[in-house]
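Undergrad: Structure incoming, see below.
Protein chains: 2
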Amino acid sequence: MINASVVTIGDEILIGQVLDTNSQQLARALEETGIRVVRMVSIGDSKEEIAQTLLTELSRAQVVFCTGGLGPTKDDITKAVLAQISGSRGYVRHPGQMQKVVEILHNRGLDILPINEKQADVPDKAEVIVNQLGTAPIMVFRDMPGSGSTLYSLPGVPHEAVGAIPAILADLRAHQPLSSILHRSVMVYGMAESALSEKLAPWEDALPADMHLAYLPNTLTGIRLRLSCYGDASGDEPERLEAQLSQLKALLGPLMYADEDTDLETTLGRILKEHGLTLSCAESCTGGEIAHLITSVAGSSAYFLGSVTSYAVSVKEQVLGVPPQVIRECGVVSSEVAAAMAQGVRRLTGSDYAVATTGLAGPSGDEHNPVGTVWIGAAGPRGIKTVRFVYKNDRKRNIERFAASALNFLRLMILEDLSN
Amino acid sequence: MINASVVTIGDEILIGQVLDTNSQQLARALEETGIRVVRMVSIGDSKEEIAQTLLTELSRAQVVFCTGGLGPTKDDITKAVLAQISGSRGYVRHPGQMQKVVEILHNRGLDILPINEKQADVPDKAEVIVNQLGTAPIMVFRDMPGSGSTLYSLPGVPHEAVGAIPAILADLRAHQPLSSILHRSVMVYGMAESALSEKLAPWEDALPADMHLAYLPNTLTGIRLRLSCYGDASGDEPERLEAQLSQLKALLGPLMYADEDTDLETTLGRILKEHGLTLSCAESCTGGEIAHLITSVAGSSAYFLGSVTSYAVSVKEQVLGVPPQVIRECGVVSSEVAAAMAQGVRRLTGSDYAVATTGLAGPSGDEHNPVGTVWIGAAGPRGIKTVRFVYKNDRKRNIERFAASALNFLRLMILEDLSN
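From first to last, the protein sequence lines are chains A and B. The opening residue of the first sequence carries number 1 in my numbering; numbering runs sequentially from there. The opening residue of the second sequence carries number 1001 in my numbering; numbering runs sequentially from there.
Encoded structure:
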C-alpha cells in the first residue's frame, strides 16, 4: 500500500481563522483509492518551514500532497520553494493554464496584470494539470531529488482543491502501481452503530478474507456502510462484491435508504420526484433545519411546496390549526400536537405528504419530557403516523438528529404507501 | 512570544472520516492569548508514530497540545505513550476525575466497569485538570525529559476539547510568562473587506506602533475587526485601547452590529428581547436558513414566533397572501413580492417585525435576474422596506449570504424605528 502525506500551507490556518477542510477531502479520496495517509501537517507561510517540512514528508511518504500558498500575493511563496527543492533551473509559462487565467479574469471583467500572468509560470521540473476552476496551476513533481517521491501541489481555495482531486487520482493511477480496490457503499438510518454491528456480525464474520466492512457514522446522514474488496485483480472481484452486497442489502431491509453515498434529503427528493409527489413540513424544535436540508438539494422546488416554523403556540394554533384544547390536554411536546401540525401544514399547502416536529432540543427539558425528546408526525393521503425519539446530544446535534429522523420517518411512510 | 504545536491523534482523521475542528479551536484561543502556533500535525493511532511525533514537536515548541486517543477502547494508546515519554513509573488514580466518571456513567444509567475506572488513571508525572464534560482527564506534563517543554493532553471529543480550553489557558498563564496582549473585537456587516479596509486606512495607519487591526471575514457573520494591543504592560494599555476603539466605532457607525465577538442572530435577538418585540420570517430562496439561524440561539422562543418557507408560488399566494397579480406582473424575484411576503407573514403570525427573502441561490438564474440575486423585504409597525443584493458564490454560500443580509437589514430597520 502506498503511503501519503498531506501538507497544508497558510498562516490563516495556524491562527485558527480558517478551518482546513482540504486535508479531509483529499484523505477521503485517497483512502478510497487504496492510498494510506500517514500524516497531515499544517504550517505557515515561511520559506524555510515549507522547504523543511516538504523534504521531511517526501522522505517518509511515497506521495506528498501540498495545498495552499499559490495565490498571486506576496504571502504565497510556495512556488519558489517548489522550484528550489525540485532542482528546477527556472520557470516556464504554461500555455493551457495561461489561457485559463485570461478566461477567468475576462469573465470577471478584469484586466490581466503581470502579477496574474505569473500565475501560469511553473518551475521547469513541474508537469502541469490545468486548474479548470482557478488561476493557480496544479503541479506534479516526479522523482524528487533525495527521496524519489512524487509531490503534488494543489491550490488552497477549497472548491479548487476539491475540484483537482479527480485529475490527481487519474494521474496517480497512470503513474503508480496502485493496489486494486473496489468499494460499494450503502446508507443506513435508524439503528445505533453498536446494534447494527451486532446484527451484521454473523454475515460480517463470514466475509471472504479480501473483503472488509467499514462503519462511517454521521449525525445528519446516519451510517455509511462501506464494503471493500482488496482483491488480487484475478477478475471476479466485481461479481463477488456484488453478491456480498446483495446479502447485506437483504439483511438491512428498510434500514437501508440508498445503495450509494448520499443523504436522506436527496433520497427523499428522488422518491418524491419519481412519483410526482409533493411535500411540506411544520417545524417547532427543529426551527427550519428540515426545510433547510430539503432546499439544499438543487431542484427541490419540483416537490417541496413550503413549510411553517411554528415556534410560538399562537402560530401552531392560528396558522397550522392545532386545536388549543389538544395543546392544553396533551402538552406541546406530544404525539397529538405532532400529528395536528403535520395535518395542518398538509392542508395549508395542499401537499401530498407533510412531516412535523415538536420537541425539546435543549439546553433543558420540561416537567414532562427530558431534553432531547422529539415527537415526529407524518401525514399523507392514507393517514397520519407519529413516533417519539429521545437523543442525548447538545442542542445543535439534537436539532440535526431530529431533522434527519423526521426525513427518514417520512421516507418509510411514503415507501409503505407506495408498496401497498 | 511562545511557540506552540498542536498534535491530533486518530486514524479516523487520516482516512478523512472526521474533520479535525479541535486544532482550529485551540489555535484561535492560543493566538488570542499571544501564543504562536507554528505547526499542526495529525497522526494515526500508532504507538511509535505518537511517541516520535510528540518528541519532535516538544523539541521544536515550548508548549505542545495533543488531542484525542484517550477513550476506553483498545485503539486509544496515547496514555501509554505519554507515560513512557514523560518518564513516569506507573499510574495513579485521580480522585476528582474518578468522581466525574462515576457521575457521568450514573447519569447515563450505566454500571461502572473496570475499563471505565481506568479512565481516571494517569501517569504519575501528570498533573490533572478534571474534565468536567467527559470521563478522560486533561493531563499536564511539565518539564518533559529532553526538551523541558510542556505537554497538554486533551480529550478528542470536540465539545470536551473545546470545553477544556479555558482551564488550559488559565494553567498556561499561571506557569508561563505570557506577553501581555489585549484584544477587542467589533462585528461589521454590509461592506466588502477591500472597501472597509480603504475606509479605515487613514485611522489604521495612524495607530500607535503597539496596536494592530486584524480583518477576520466570515460568510454568516460578516467581518470581525480585532484591535490588539501588544503593550509592555506599562499600565495604560486598556485605556489606550478603549480610546482607539471609540474612534473605530465612530468611523463604523451602523456598519458595526456588536462590540464583541458574536453573530447577527444573537445580536438581533438581544435587541428584540430588550424591547419586548417579536419576529417572524418568510423565506423563499433561503429555504429555512433564516429560521434555522434564529432558533439556533437558545432562548429564541422569547421573541421568535415562527416562519413560513414559501417555496411554491401557491404557498406564497395562499398562505402568505401575496396577490397573484403582483407575482404575474413583477415576477417572483421582485421588490413587490418580498414586501408582500414580509407583510403576509407579519399578519399571519401577529409579530411586530417580519423579514422575507425571494431570490435565486443557484445553480442558475432566470431571464430577469442573474444567479445570486436576492430581494429582501422587512415589515414593521412603521411600514415596509426592501433591498436587492447580488452575490457571486455557489448555492450554499449564496443562501448563507442571503440569510445574513436579511438579518442585518431587519436589524437596521428596527434600530431606525427605535431611534425615532
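Note that CB positions come from ideal geometry on N, CA and C, so glycine has one too.
Is B:I1013 helix, strand or coil when you go by DSSP?
TA: B:I1013: helix per DSSP, three-state reduction.
Undergrad: What is the DSSP secondary structure of A:E48, reduced to helix, strand or coil?
TA: Here A:E48 sits in helix by DSSP.
Undergrad: Report yes or no: do the region 1033–1041 of chain B and the region 10–19 of chain A share at least 3 C-beta pairs separated by less than 8 Å?
TA: Yes, they touch.
Undergrad: Please report the distance separating the alpha-carbon of A:G109 from that of A:A298.
TA: So the two alpha carbons sit approximately 28 Å from each other.
Undergrad: Would you please state the rounded distance, in angstroms, between the beta carbons of A:A340 and A:P323? I believe it to be under 8 Å.
TA: Right, the Cβ-Cβ distance comes to about 7 Å (below 8 Å), so this counts as a contact.
Undergrad: Can you tell me the Cβ-Cβ gap for B:V1345 and B:V1387, rounded? I've got them flagged as a contact below 8 Å.
TA: Contact flag wrong, Cβ pair sits at about 17 Å.
Undergrad: DSSP puts A:N218 in a beta bridge; with which residues?
TA: Paired residues: A:G222.
Undergrad: With which residues is B:N1003 paired in a DSSP beta bridge?
TA: Beta-bridge pairing links B:N1003 to B:R1036.
Undergrad: How long is the line joining the alpha carbons of B:D1111 and B:L1105, rounded to whole angstroms?
TA: So the two alpha carbons sit approximately 7 Å from each other.
Undergrad: Start and end of the beta strand (DSSP E) containing A:A195?
TA: Note, A:A195: premise wrong, no beta strand (DSSP E); alpha helix (DSSP H) at 193–205.
Undergrad: Within 9 Å (strictly less), CB to CB, does B:P1363 reach chain A?
TA: Yes, contact with chain A.
Undergrad: What residue range does the beta strand (DSSP E) around B:G1380 cover?
TA: Unbroken beta strand (DSSP E) run through B:G1380: 1373–1380.
Undergrad: Look at the alpha carbon of B:I1294 and the alpha carbon of B:G1269, and state the distance between them as a whole number of angstroms.
TA: Using only the alpha carbons, I get a separation of about 8 Å.
Undergrad: Strictly below 7 Å CB to CB, what residues from chain A border B:H1292?
TA: Residues of chain A passing the Cβ test: G287, G288, E289, H292.
Undergrad: Taking only beta-carbon atoms, is A:E49 less than 9 Å away from chain B?
TA: It does: the Cβ of A:E49 has a partner Cβ on chain B nearer than 9 Å.
Undergrad: Return helix, strand or coil for A:M256, following the three-state DSSP convention.
TA: Strand, per DSSP.
Undergrad: Consult DSSP for B:M1413 and reduce its assignment to one of helix, strand or coil.
TA: B:M1413: helix per DSSP, three-state reduction.
Undergrad: With a 10 Å radius around its C-beta and 16 neighbouring C-beta atoms as the bar for buried, classify A:M1 as buried or exposed.
TA: The residue is exposed, with fewer than 16 neighbouring Cβ atoms inside 10 Å.
Undergrad: Using the Cα positions of A:V186 and A:L251, report the straight-line distance between them to the nearest angstrom.
TA: Their Cα atoms are separated by approximately 12 Å.
Undergrad: Throw me the rounded Cβ distance for the B:G1372 and B:K1392 pair, which I believe falls under 8 Å.
TA: Indeed, because the Cβ distance is near 5 Å, the residues count as touching under 8 Å.
Undergrad: Please report the distance separating the alpha-carbon of A:L220 from that of B:A1027.
TA: The straight-line gap from Cα to Cα measures roughly 27 Å.
Undergrad: With B:I1085 and B:L1054 assumed to form a contact (beta carbons below 8 Å), what rounded beta-carbon distance in angstroms separates them?
TA: Yes, they are in contact, since the Cβ atoms of B:I1085 and B:L1054 sit about 6 Å apart, within 8 Å.
Undergrad: Can you say whether B:H1292 is buried or exposed, counting buried as having 16 or more other CB atoms within 10 angstroms of its CB?
TA: Classification of B:H1292: buried, given that the 10 Å Cβ count is 16 or more.
Undergrad: Using a Cβ-Cβ cutoff of less than 6 Å, which residues in the same chain neighbour B:T1008 once the five nearest sequence positions on both sides are dropped?
TA: So the list reads D1020, S1023, S1042, T1067, G1068, once near-sequence residues are dropped.
Undergrad: I need the straight-line Cα distance from A:I376 to B:R1411, nearest angstrom please.
TA: About 33 Å.
Undergrad: Could you check how far apart the C-beta atoms of B:L1058 and B:S1153 are, in whole angstroms? I think they sit under 8 Å.
TA: B:L1058 to B:S1153, Cβ: 12 Å. No contact.
Undergrad: Assign B:P1123 to one of two classes, buried (16 or more other C-beta atoms within 10 Å of its C-beta) or exposed (fewer than that).
TA: Buried: at least 16 other Cβ atoms inside 10 Å.
Undergrad: Keeping to the same chain, check which residues put their C-beta closer than 6 Å to that of B:G1044; ignore five residues upstream and five downstream.
TA: Only D1011, L1014 meet the Cβ criterion.
Undergrad: What residue range is occupied by the uninterrupted alpha helix (DSSP H) comprising B:V1316?
TA: The amino acid at residue 1316 of chain B is misidentified as Val; the sequence shows Lys. Here the alpha helix (DSSP H) through B:K1316 covers 1313–1318.
Undergrad: Do you know offhand how far B:A1206's Cα is from B:A1258's?
TA: Answer to the nearest angstrom: the Cα atoms are 24 Å apart.
Undergrad: Going by DSSP, what residue range makes up the alpha helix (DSSP H) through A:R108?
TA: Counting along the chain, A:R108 falls outside any alpha helix (DSSP H), and DSSP gives it neither H nor E.
Undergrad: Can you pull out the residues from the region 20–39 of chain A whose beta carbon lies closer than 9 Å to at least one beta carbon of chain B?
TA: Under the 9 Å Cβ criterion, the region 20–39 of chain A contributes D20, T21, S23, Q24, Q25, L26, A27, R28, A29, L30, E31, E32, R36, V37, V38, R39.
Undergrad: Hey, how far is the Cα of A:Q244 from the Cα of A:E274?
TA: Between A:Q244 and A:E274, the C-alpha separation is close to 28 Å.
Undergrad: Does the region 160–171 of chain A come close enough to the region 129–145 of chain A that 3 or more CB-CB pairs lie under 8 Å?
TA: Yes, the region 129–145 of chain A is in contact with the region 160–171 of chain A.
Undergrad: Which residue's Cα is closest to the Cα of B:S1300: B:E1329, B:P1254, B:T1266?
TA: Closest option to B:S1300, Cα to Cα, is B:T1266.
Undergrad: Spell out whether any CB of chain B is found under 9 Å from the CB atom of A:L169.
TA: By this cut-off, A:L169 is not an interface position.
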